[in-house]
Amino acid sequence: MVTSAQTDLFFFYSYVDAFLFWSYQKRELDLITDTGYSKGKLFEPTTLTSPLNKLKKRKYPTKMGVVSHFGPTKYVVHCAIMLTMLTGALAVFTVSSSQREITASFHSDVVLPCFFTLSRMDNGLKYVIISWKHNNTQIEQYKLQQRKSTRKYSMFGEELEKGNASLLIRNVTFQDEGSYECEVYEVPFKSSIHIMLVVMASPVMSLIPNLVMMNQSTLLECHAWGFYPNALSFEWKRNSQPLYSQEPVNLTSNSNGTFSAVSFYNYTPVAGYDTGNISCLVKHESLGQQYVENSVQICKPNLTILPRFLSINEKQNILCKLHGCRFSNATISWKNNGILFSTTECQKVKECVSEANLPLSKENIICEAEVEGLKLKTEPALFTITDLNPKDPLWNVVKWKIRIIDVQPTNLHQLCDAIMSVWTTIPEECFQNLVECMP
564 MVTSAQTDLF
574 FFYSYVDAFL
584 FWSYQKRELD
594 LITDTGYSKG
604 KLFEPTTLTS
614 PLNKLKKRKY
624 PTKMGVVSHF
634 GPTKYVVHCA
644 IMLTMLTGAL
654 AVFTVSSSQR
664 EITASFHSDV
674 VLPCFFTLSR
684 MDNGLKYVII
694 SWKHNNTQIE
704 QYKLQQRKST
714 RKYSMFGEEL
724 EKGNASLLIR
734 NVTFQDEGSY
744 ECEVYEVPFK
754 SSIHIMLVVM
764 ASPVMSLIPN
774 LVMMNQSTLL
784 ECHAWGFYPN
794 ALSFEWKRNS
804 QPLYSQEPVN
814 LTSNSNGTFS
824 AVSFYNYTPV
834 AGYDTGNISC
844 LVKHESLGQQ
854 YVENSVQICK
864 PNLTILPRFL
874 SINEKQNILC
884 KLHGCRFSNA
894 TISWKNNGIL
904 FSTTECQKVK
914 ECVSEANLPL
924 SKENIICEAE
934 VEGLKLKTEP
944 ALFTITDLNP
954 KDPLWNVVKW
964 KIRIIDVQPT
974 NLHQLCDAIM
984 SVWTTIPEEC
994 FQNLVECMP
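In this note's numbering, the protein residues as written are 564 to 1002.
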């Protein structure tokens, strides 16, 4: 059964074959290879095997001016009119793309561009077939004016009428990498373009701990994870100057197809020499010419309790202060005989202060600070006081439990003054047996 599209094409090629496939110049006859002849002069009358011959069932001699039942002028004018009409209805069939390689991020949506123009626009997409293939496997098709879309792939329905056959890929994974082919078929024309899809994932990094204590050896860990492909490099720097990496990079694969890596650096800053920051730089092709960087500061954190000398059985405000560095995250905890009773959290501060209001009796009160993996304790200025019995010698009655870091003679002098001021009710003769406090 002959369709209307086939009939249109039959008439079109009939007139083109009869009119365009020969020309007359200086009494020479040019025959196009489609007729089975080559260029020659004054050929003898021969029956041309063209569609027009079959249509009209007439013989068309090849000698110019002897066209049966058609005068040369009438024949040329007739064909010229037909070609003029056909030229207005026909366009150039093309398939193109604005990009031949596209890079997409892991778990993102991406559009592969494909555009086409048809030779016959008056029929719309009635006789058009559009298909997409991924690594030679068909994944999407438009045929008989219907789309076969999935949740993963789809073309834009309204845009197809405008010559836009671009493909949307949702939630891109590493399995979506490879070659894609957009093929457009309009009888009898067919053309296609290829697009390469590359999937990448940028690394996320962290550096622990976030500070290095002066004169203390610290193992720094620079972590990068969630990147693809697996090629990645680390670079250590101190105040923008490169440092030699002591440990090889450890690379592991993740269940989702990405990769993780870690670089170690053992560093001991020296007081008076090392200042500033130590940085870890991560480079990956997904970042282009950029890189991700984290730094760790070199400092000396301190934790102190104020005031140092307290009166027994009186409710007082006690301050615990953390200082000496810039703390991104810090937690101060209060403990009573080892039991936690209060916490304070600080973020992005140079000084973190926590306050406790409590009476002092026989308990041990201690303040602790934790700074992203580093733990500090207030061992100074902690003491326990027992009940007094004036009948016992003073050194058996009053038991001082003093823990002091960086003990200086002035501290002992102040402590002696405090002891003397607290126990003014003790008989004066008792102090004759007091161990001397002065250095």
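Glycine included, each C-beta is placed from N, C-alpha and C at the ideal position.
8 Å Cβ cutoff met for phenylalanine 656 and serine 754: yes
In whole angstroms, what separates the C-alpha of serine 842 from that of methionine 768? Cα to Cα, the separation comes out at about 12 Å.
Report yes if the C-beta distance between tyrosine 791 and phenylalanine 669 is below 8 Å; otherwise report no. yes
Does DSSP put phenylalanine 509 in a helix, a strand or coil? The requested residue 509 is not part of the displayed model; the chain covers only 564 to 1002.
To which residues does DSSP link arginine 710 through a beta bridge? Tyr705
Beta carbon of leucine 760, beta carbon of glycine 789: below 8 Å? no
Own chain partners of glutamine 701 with C-beta closer than 8 Å, once the 5 adjacent residues on each side are dropped: Ser694 and Trp695
Assign leucine 681 to one of three DSSP states: helix, strand, or coil. Leucine 681 falls in the coil class under three-state DSSP.
Could you pull the DSSP bridge partners for arginine 801 from this structure? Gln804 and Ile841
Quick check on serine 849: does DSSP put it in helix, strand or coil? helix
Determine the extent of the beta strand (DSSP E) in which glutamate 664 is found, giving its start and end residues. 664-668
Helix, strand or coil at glycine 901 according to DSSP, with G and I counted as helix: For glycine 901, the secondary structure class from DSSP, reduced to helix, strand or coil, is coil.
Would lysine 863 pass as a contact of serine 891 if the rule is Cβ separation under 8 Å? no
Consult DSSP for glutamate 721 and reduce its assignment to one of helix, strand or coil. Note: glutamate 721 maps to helix in three-state DSSP.
Judging by CA-CA distance, which residue of Arg714, Gln708 and Val775 is the nearest neighbour of arginine 889? Val775
For threonine 781, list the residues DSSP reports as bridge partners. DSSP lists Tyr830 as the beta-bridge partner residues of threonine 781.
Whole angstroms is fine: what's the gap from tyrosine 638's alpha carbon to glutamate 724's? With a pLDDT of only 45 at tyrosine 638, under 50, the local geometry of the prediction cannot be trusted, and no value is derived from it.
Near glutamate 908, what residues of its chain come up, given a Cβ to Cβ distance below 6 Å and the 5 sequence neighbours on each side ignored? Excluding residues within five positions, the ones whose Cβ falls inside 6 Å are Thr894.
Which whole-angstrom value describes the C-beta separation of glycine 1006 and phenylalanine 752, a residue pair presumed to lie in contact below a C-beta threshold of 8 Å? This structure cannot speak to residue 1006, because the chain is shown only from 564 to 1002.
With DSSP as the reference, label asparagine 793 as helix, strand or coil. coil
Taking DSSP as the reference, what is the three-state secondary structure of tyrosine 716? Three-state DSSP puts tyrosine 716 in a strand.
Any idea which residues DSSP pairs phenylalanine 890 with across the strands? In DSSP, phenylalanine 890 forms a bridge with Val912.
What did DSSP end up calling threonine 657 once you bin it into helix, strand or coil? DSSP, reduced to helix, strand and coil, places threonine 657 within a strand of the structure shown.
Determine whether the beta carbon atoms of leucine 866 and cysteine 883 lie at a separation below 8 Å. Between leucine 866 and cysteine 883, the C-beta spacing is below 8 Å.
With H, G and I counted as helix, E and B as strand and the rest as coil, what does DSSP make of serine 729? coil
Taking leucine 885 and alanine 932 to be in contact with their CB atoms under 8 Å, please state how far apart those CB atoms are, rounded to whole angstroms. Their Cβ separation, rounded to whole angstroms, is 5 Å, which keeps leucine 885 and alanine 932 in contact under 8 Å.
With a cut-off of 8 Å on the beta carbons, I'd call valine 859 and proline 766 a contact; round off their distance for me. Contact doesn't hold; Cβ gap of about 18 Å is too wide.
What residue does the beta strand (DSSP E) around valine 859 start on, and which one ends it? 855-862
Using DSSP with H/G/I as helix, E/B as strand and the rest coil, what is serine 818? coil
Ignore the nearest five residues each way along the sequence and tell me which others in valine 674's own chain have a CB closer than 8 Å to its CB. Ser729, Leu730, Leu731 and Ile732
Check lysine 753 in the structure and name its three-state DSSP category. strand
Which residue comes first and which comes last in the beta strand (DSSP E) that contains asparagine 865? 865-869
Taking leucine 675 as part of the beta strand (DSSP E), name the residues at either end of that continuous run. 673-675
Distance check for leucine 782 and proline 972, CA to CA, integer angstroms please. Caution applies to proline 972, whose pLDDT of 45 falls short of 50 and renders its modelled position unreliable; the value that the coordinates give is listed next. Roughly 36 Å between the two C-alpha positions.
Quick check on DSSP: helix, strand or coil for leucine 1003? Only positions 564 to 1002 of the chain appear in this structure, which leaves residue 1003 out of reach.
Verify whether the separation of the beta carbon atoms of methionine 831 and glutamine 779 is less than 8 Å. For the record, residue 831 in the displayed sequence is threonine; it is not methionine. For threonine 831 and glutamine 779, yes; Cβs fall inside 8 Å.
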